[in-house]
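**Q** Quick one: the structure is below, and I'll ask about it shortly.
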Amino acid sequence: MNLKLQKLSKVSMAFLMTTFSVWGWGQTAYLMSSGDKTWDLSGTWTVNGNTYTGTDANNWQSVGVGGTGNEVTSGTRTTKTSATIATTTSGGLQKPTGTIQFLSTGSGGTPEAVAIDLLLNFTGRKAETLSFDWAAIDNSNGTRPTSLRVFWSTNGTTFTELSAAQLLDKVSNNTGSITSIALPSEFNNTSTARIRFYNHAGTTATGSGARDKFQIDNISITSSILPPTWDGSQWVGGTPTASTDAVIAGNYTGAGFTAQSVTVNPTFTLTINSGQTVTTGNFTNNGAVIVNDGGNLIQSISGTYSGTGTFTVNKNGTSALDKYAFWSSPVVAQNLNTIYGAGVTPAFITEYDTATDYFVNAASSTSAFGKGYSIKTPASVSGTIFTGVPNNGSQTYTLATTGSGHNLVGNPYPSNLNLNTFFTANQGRISNTFYFWDNTSNSVTVQGGTASVNIGYATYNALNQTWVPAPNIVAVPTGNIANIGQGFFVQTLAAPTDTSLIFSNDMRVATTGTFFNKNNSSTEGKFWLRLNSSYNTNNTFAVNYLSPASDAYDNHDSKAIATGSDAFYTMADAQKLLIQGKSSFDIDDVVPVGTKHFQSGSFVISLAQKEGLFNNGQAIYLHDKVLGTYTNLQNQSYSFTANSGEITNRFEIVYKLNLLATTEVQKDSFEIYREGEDFYVRNNKNIETVEVYDATGRKITQINADSKLVRVKLDAKGLYIVKAVSAGKEYAKKIIK
């Protein structure tokens with residue numbers, strides 16, 4: 018029989034012993050479920066042909082091959098043709114008192130190697146450790162070296178070395194112990210685990226005289242209860258829990274699970290599909306892991322990642338083709354040129370320059386931890402593939418402080434990122450408002466800086482947990498999550514505690530969802546209003562009542578990253594806000610509202626979404642101060658016309674009608690009547706001012722009167738609104754000329 022071996026070296030190796038034969042047919046595997054085992058060879062065994070006999074001796078079998086001249090490249094030779102265990106001084110396996118003894122004989126570089134196998138059954142068990150005592154015995158003062166190596170196999174064909182058990186080039190009396198070296202995870206739940214002790218001449222052919230002998234004794238194998246192990250069709254040993262380890266010993270595509278640790282064995286794949294999450298501490302990957310879009314791998318704060326396996330994250334990009342999207346890599350040092358797959362290279366990979374407020378070509382196409390990139394989506398594909406070692410643990414990203422202080426960062430993990438936890442850890446470094454580029458509703462194929470017109474940024478306030486969608490996006494984002502791969506803008510504070518933006522495993526969450534997910538339950542109430550134009554634009558703002566906020570401009574408020582040609586906002590302390598956080602709800606509160614229109618036309622203000630007390634019937638009145646109307650947006654939308662430009666004093670939100678004023682109007686004699694070409698405003702109390710507006714809301718004239726009768730002259734025909742102030746009360750009526 019021929020023996021083929023790879024070159025022996027001082028590193029772990031695998032080789033095929035396809036021509037070794039186990040001599041004799043009496044070998045049986047030791048059942049590890051019976052308990053840990055130590056083979057103490059203190060005279061209890063006897064030699065019987067090519068086997069040992071005695072207590073548990075049937076677990077052992079010598080190994081032999083036939084033929085001569087079958088030298089391996091290390092200078093050793095194959096095992097003796099006869100595997101008969103010798104009781105004499107002849108070469109091969111020997112049985113002196115109390116040990117298994119090896120004697121590799123032969124001269125020069127062609128000695129004969131000697132081997133013996135131990136067969137083990139780990140069904141239902143986790144393989145733990147191997148220990149044994151050894152001795153190199155001087156043989157007639159010879160100086161030829163001898164070596165002992167230990168290999169393992171589960172099929173009797175492919176053998177891999179346990180390099181921690183190497184005992185090389187012994188030439189004189191020497192003793193020692195191999196203590197508690199780890200057995201391979203491939204032994205777990207395996208009935209054919211084989212450990213081979215292999216004695217050969219050594220790594221050199223030097224020396225003269227007899228070769229030293231090798232002895233082993235007290236061979237000890239330990240195991241433990243098998244952790245939940247997926248065998249390809251079922252969990253063996255129960256399903257994983259937070260207090261148990263989990264082993265993937267078969268391809269897995271099932272439901273998510275939580276385990277104390279996860280090990281993926283070689284040749285097997287753990288696939289985490291959409292809606293599924295694997296949560297663990299330490300993760301050892303010697304096979305393959307695939308996280309598909311919508312899946313999550315979460316590791317605990319102290320969890321580590323190790324192993325030689327592959328790791329892949331697949332993301333279904335929502336970006337329109339040929340437009341820019343913000344990405345951040347969930348793996349270490351991703352080549353960003355390859356994220357769209359083989360043969361598809363993005364035309365532009367850009368990074369944000371805080372100092373100049375420009376996007377510039379990235380200095381490197383290799384991703385950095387926590388950094389966001391604006392990448393132009395190829396015309397043919399939007400899905401991305403990230404491959405490498407997953408980012409894990411607590412790490413930092415250095416913030417830039419120049420210019421506006423904006424930094425393009427991103428979720429660095431192969432799991433969703435909780436934006437609120439992220440902000441809490443960094444609130445001494447960054448402001449509470451984050452901006453997310455959403456290109457799905459515009460035709461922009463270039464990437465402008467943060468001061469450019471806002472035609473694509475969704476806004477999130479992490480302090481009051483409120484979103485406003487990007488202009489022309491109808492759906493209000495939900496959730497407090499940045500998905501895997503999501504990039505976004507943060508802004509460095511004017512005086513940060515430091516510039517080390519922190520990311521850590523405790524920010525990783527399993528919440529799943531679509532773009533810009535948030536899940537907030539306000540203890541008071543919030544609502545979103547939307548402004549739609551006749552030329553197909555829409556803009557949204559949010560008002561959020563919560564007790565930590567104030568009615569002044571503070572961290573609970575968020576401005577737009579930039580103001581576009583159309584805008585819709587509330588106002589506080591002269592600031593134009595997309596998100597306004599206000600103190601506890603007061604029914605007498607008044608919220609000023611501003612609008613901006615690219616062109617003249619008709620417009621509609623409507624209630625887009627509501628939470629908390631506004632879900633329980635609280636009215637939301639839009640007061641048109643020009644027309645003097647109050648519209649409960651809980652019941653209907655409000656339509657109006659306006660010229661192009663910005664209007665800051667026409668609208669406000671109130672929460673109750675002024676019933677006293679309505680009653681007093683009925684008691685007063687306020688009226689407007691026409692006489693010839695002129696109109697007259699009259700009341701039984703002095704009228705301080707009269708303002709006249711056209712149908713678009715443009716003020717035509719203002720009269721400061723302080724009289725009970727005021728004449729109004731109008732030149733052009735049309736619809737007008739006359740607004741008067743008398744005795745502290747406002748009156749408004751429509752007139753037509």
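Numbering of the sequence shown is given in our numbering, commencing with residue 18 and proceeding in unit increments.
Note that CB positions come from ideal geometry on N, CA and C, so glycine has one too.
These numbers were taken from a predicted model, which means no experiment stands behind them.
To the nearest angstrom, report how far apart K393 and N449 are at their CA atoms.
**A** 28 angstroms
**Q** Check this for me: beta carbons of I233 and T116, under 9 angstroms apart or not?
**A** yes
**Q** In chain order, which continuous runs of the beta strand (DSSP E) of length 3 or greater are located wholly inside the stretch 339–415?
**A** Taking only runs of at least 3 residues, the beta strand (DSSP E) segments lying wholly in the stretch 339–415 are 341–344, 366–370, 375–378, 390–393, 401–404, 412–415.
**Q** Can you list, in chain order, the stretches of the beta strand (DSSP E) that have 3 or more residues and sit fully within the stretch 642–730?
**A** 646–649, 655–659, 662–671, 688–692, 695–711, 716–730
**Q** What's the call for A741, buried or exposed, on a 16-neighbour Cβ count within 10 Å?
**A** Under the 10 Å beta carbon count, A741 is surrounded by 16 or more other beta carbons and is classified as buried.
**Q** Please list, in chain order, all residues of the same chain as K750 whose beta carbon is under 6 angstroms from its beta carbon, the five residues on each side excluded.
**A** I689, V739
**Q** When you compare only the Cα positions, how much space is there between S724 and F668?
**A** 28 angstroms
**Q** Are the beta-carbon atoms of I637 and L650 separated by less than 9 angstroms?
**A** In contact: I637 and L650 (Cβ atoms closer than 9 angstroms).
**Q** If you check the beta carbons only, do H614 and D583 fall under 9 angstroms apart?
**A** yes
**Q** Within the continuous alpha helix (DSSP H) that includes T296, where are the two ends?
**A** Note, T296: premise wrong, no alpha helix (DSSP H); beta strand (DSSP E) at 294–297.
**Q** What do you get for K388, buried or exposed, if any count of 16 or more other CB atoms within 10 angstroms of its CB means buried?
**A** buried
**Q** Give me the DSSP bridge partner(s) of M588.
**A** K593
**Q** Less than 8 angstroms between the CB atoms is what I'm expecting for L137 and I238, so what's the real figure, rounded?
**A** 6 angstroms
**Q** Can we say the stretch 159–174 touches the stretch 194–212, given the rule of at least three CB pairs closer than 8 angstroms?
**A** Yes, they touch.
**Q** Measuring alpha carbon to alpha carbon, tell me which residue in L200, R213, I154 is nearest A130.
**A** It is R213 whose Cα lies nearest to the Cα of A130.
**Q** Take N555 as the anchor and find which of P609, F620, Q44, T476 has the nearest alpha-carbon.
**A** F620
**Q** Classify V643: buried if its beta carbon has 16 or more other beta carbons within 10 angstroms, exposed otherwise.
**A** Per the 10 Å Cβ criterion, buried.
**Q** Look at the Cβ atom of G320, then the Cβ atom of V306, and state whether they are nearer than 9 angstroms.
**A** Annotated as distal: G320 and V306, with beta-carbon spacing of 9 angstroms or more.
**Q** Can you give, in chain order, each stretch of the beta strand (DSSP E) that sits fully within the stretch 210–267 and has at least 3 residues?
**A** 210–217, 230–242, 262–265
**Q** With DSSP as the reference, please indicate the residues paired to S575 in a beta bridge.
**A** Answer is I596, bridged to S575.
**Q** If we count the other Cβ atoms within 10 Å of its Cβ and call it buried at 16 or more, is N652 buried or exposed?
**A** exposed
**Q** Does DSSP put D186 in a helix, a strand or coil?
**A** In this structure, D186 counts as strand in the three-state DSSP scheme.
**Q** Hey, is the stretch 565–584 in contact with the stretch 593–600, meaning 3+ C-beta pairs nearer than 8 angstroms?
**A** Segments in contact, yes.
**Q** Which of the three DSSP states, helix, strand or coil, is assigned to S755?
**A** The displayed coordinates of the chain run from 18 to 754. Any statement about residue 755 would go beyond what the structure contains.
**Q** By the DSSP assignment, the beta strand (DSSP E) with N424 in it spans what residues?
**A** 423–427
**Q** Between which residues of its own chain and E145 is the CB-CB distance below 7 angstroms, once the five residues before and five after are set aside?
**A** L200, T239, S240, S241
**Q** Assuming A499 and N437 make a contact with CB atoms under 8 angstroms, what is their CB distance in whole Å?
**A** Contact flag wrong, Cβ pair sits at about 11 angstroms.
**Q** Does R691 pass the burial test, meaning 16 or more other C-beta atoms within 10 Å, or should it be called exposed?
**A** exposed
**Q** Short of 7 angstroms in beta carbon distance, which residues of its chain neighbour Q683, apart from the five on each side in sequence? Order them along the chain.
**A** With a pLDDT of only 36 at Q683, under 50, the local geometry of the prediction cannot be trusted, and the value read off the model is given with reservation. Counting only Cβ-Cβ distances below 7 angstroms, and skipping sequence neighbours, we find nothing.
**Q** For P513, tell me which candidate among G324, L120, A417 has the shortest Cα-Cα distance.
**A** Considering only alpha carbons, the answer is A417.
**Q** Whole angstroms is fine: what's the gap from N810's alpha carbon to A475's?
**A** There is simply no residue 810 to check, as the chain begins at 18 and stops at 754 in what is shown.
**Q** Among T557, D262, S148, Q626, which residue has its Cα nearest to the Cα of F544?
**A** Q626
**Q** Buried or exposed: which applies to I447, given that a residue is buried once 16 or more other Cβ atoms fall within 10 Å of its Cβ?
**A** buried
**Q** State the Cα-Cα distance for the pair A103 and L120, rounded to the nearest angstrom.
**A** For A103, the predicted model reports a pLDDT of 40, less than 50, meaning its position is unreliable; a value from the coordinates is still stated below. Straight-line Cα distance between these residues: approximately 10 angstroms.
**Q** Could you tell me the distance, in whole angstroms, from the CA atom of L425 to the CA atom of V308?
**A** 25 angstroms
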